[in-house]
Structures are given as structure tokens and as C-alpha cells.
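Start counting the sequence shown at 0; every next residue gets the next number (numbering that gives the first Met the number 0).
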Amino acid sequence: MLFRKKPRTPTTTSLPENLDLFDGLPDDLVVFILCKLSSSASSPSDLINILFTCKRLNRLGLHPLVLSEAGPKAFAIKAKNWSESVHRFLKLCANAGNVEASYTLGMIRFYCFQKRGSGASLMAKAAMKSHAPALYSLAVIQFNGSGGSKSDKNLQAGVALCARAGFLGHVDALRELGHCLQDGYGARQNVAQGRRLLVQANARELASVVRSRSLLTWQRPHQNDSFPCSTDPCCGGLLSDFGCNVPAPEPHPVNRFLKEWFESSRGRLDQGLRLCSHGGCGRVETRSHEFRRCSVCGKVNYCSRGCQALDWKLRHKLECMPMERWLDEVGAADNGADGVGGMVEVEDDTE
């Protein structure tokens, strides 16, 4: 009698059709994945769309760990898209300890909604965690006495904040500190040290371009197309001083927001108040004649020497034309203005 082998039965078991493998993942693993997504988000939609996917992702996407890891691009909100829900989301992130959210919401509250106290408090919260842009923004507020009167300026505090931000690698703060030392503004004058800091700012600016662009895309400027850098100590030299065409630095997302806000119908400037003339800034005066103006033409005004120096090299150098009446009124000739774009203060008659 022949032995017949019993056929094998399949050992694999079929999964129920209604079983979702995502539901089997533990919460801590999903939170870890969402933290990675949050930190690498290239736009606000990358993070917001997750919250609308399902109830579980909405719950875990609002976990404090996920919100605290969100990067600057996750808060690159356009002014036209501002809403109360966006405001609540930024507050959630700030409460979770996200320094970028604290800085972004602080700038918006301080300049757009004129809530000076809460805005400065949020920026200070980020600055205490060594957030360089927040440190620099607080320095600009101290230099101008923003939100208060002219007597509220604290130049020494502004210099100290710039020094800390510059130590952390903030190029604008380093440039501002260089001008302060060069001019003796809020610190003992040290022209050599000031120019050394300006050279460092240029070098860091070039280094950032090297990291983001291939060296093969660089083109050396033609002799006829380049503008010789002024040897005046007020100029300091910017951008093309090392023989390369360097693009304008990319502004922080909140600076773009401020500029869009005040240039659109959403933002309203009180009479006599003006935006900083540097296109990458977006800061606005909080009182009349708060910002200093170009000592040559008097047509542009800047919140800081850093903004003035950048705008001079990028744009204003081609447009600045002396106005005799303006020179007579502000006494620019006595201040040594010779066409390199210095700045003078304008007295406010209302104070």
C-alpha cells in the first residue's frame, strides 16, 4: 500500500480587510516621525495638512514635542493668509517652547498689532534661549526706543544684544556692531575693531552663499559693471568686495510677513510713520521720526545702520542724490556726509 503525503496547509493567515496597519503603530513612534517632519517642513502646509488627515494625526500632530520642533519655514506665513486660526497655532507652538514661533509671533504682535508688551516679551523668551534673530530685533528696538519715546533709547543695551547675536553668527548683528564701534554709537569708538567686524560679516555672508550655491555658478563682475567700494570708514564695504556677485541675503520669513502686511490693505500705517527703506526688513516706525534718514538725500529712512548699509550697496547707491535744502536743514555737511549714505536723526516737533 503506497503512502500518500498529506498536502500542506498554508501557514499564512489573511488579515482582516478592515484592519489599518497605521492603527497598530504606537503613539511614541508616530510622534517621533511627526517631529522629523515638523523640523524639515519647507512650508506651513507641510505641517498643517497633517492635522487634517485623520483624528489620530490631528491629536498627535498637536503634541508639544511636535510643535516644539517646527522650523522657521513652517511659520513662513503670508500676510494675506493671516487668520485667527493661524494666530492660535502660533500660540500653541510658542507655548510648547518653540523659539521660532515665539519670535515670529512676537514680531507680528509688536509691529502689526501694536501690542508692544506681549510682543517684546515673546521675543525676549526666544532671546533667552539664544535665538540670534530675536536678540538682534531686541537690539534694534533698544537703539530706536521703539514702542516708547526718544528718551527710552538704550544704546548700550543695543550694543550688548548685537554682540551676543553676532557671537551666535547673525550677520546683520555683526554688521550693526561693526558700525557701532566704527562710529562710537553706544560704545567707545574703535575704528579698527569696527572694520574688522565688518570684514567678518562679509566673510560670513560669502560663506553662506558658498554653502547654498555651486562655485561654478559664480561669475566675476566685469570691470565696467562693478562699482568701486568707497574708502570712507562709514561705508564698510558689502557684498561684492571679495570680487564675486553675491545675491541679496534672503530675509527671515517674519520680515517678509511684515513687509507684505504693511504694503497690503491689511496693515494700516498711522500718519507720519514709515517703513524701513531696506526691502528685506519690514520694520515700521512706532512714532514719528523714529528711524534715522539718509544724510545725503533725506528720501529714505532705516531702522538700523545694518539695513542702511545693505540697502546702500544693493539699491540706494544708484539712486541717492544730494538735496541742498535737506543738507541745510539737518546740517549734514557738519556730520561729514559725502555721498556714502550716512544717517542723521530727525527731531520730532511733537515731542
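Backbone N, C-alpha and C define an ideal beta-carbon position, used for all residues, glycine too. This one's a predicted model, so the numbers in the text were calculated from it and none came from an experiment.
Sequence-distant residues of the same chain with beta carbon closer than 8 Å to residue i, five excluded per side
i    : result
S207 : V170 and P248
K79  : E259, S263 and R265
Helix, strand or coil at residue i [DSSP, three-state]
i    : result
Y135 : helix
C92  : helix
N300 : strand
L274 : strand
Q181 : helix
S239 : Note on S239: pLDDT 49, under 50, position unreliable in the model; the coordinate value appears next. Three-state DSSP puts S239 in coil, outside helix and strand.
C161 : helix
G147 : coil
C111 : helix
R265 : coil
G305 : helix
N48  : helix
Strand pairing of residue i, partner residues [DSSP]
i    : result
V65  : DSSP output for V65 lists no bridge partner at all.
V283 : L274
Beta-carbon proximity list for residue i, same chain, < 6 Å, skipping 5 on both sides
i    : result
A125 : V98, S101, Y102 and A133
P63  : A95
A186 : V158, C179 and L180
V29  : L59
Other residues of its chain near residue i: CB distance less than 7 Å, five sequence neighbours each side excluded
i    : result
N254 : G279, C280 and G281
S37  : L46, V65, E68, A69 and A73
Supposed close pair residue i, residue j - CB separation, criterion 8 Å
i    : j    : result
Q141 : K149 : Not quite, the Cβ-Cβ distance comes to about 13 Å (not below 8 Å), so this is no contact.
A40  : L46  : 5 Å
L180 : Q188 : 7 Å
L89  : F74  : 7 Å
W260 : C111 : 5 Å
R174 : A200 : 4 Å
S145 : E289 : 7 Å
Three-pair Cβ contact test at 8 Å for the segment 44–54 versus the segment 89–106: no
The segment 127–140 contacting the segment 157–174, beta-carbon criterion three pairs below 8 Å: yes
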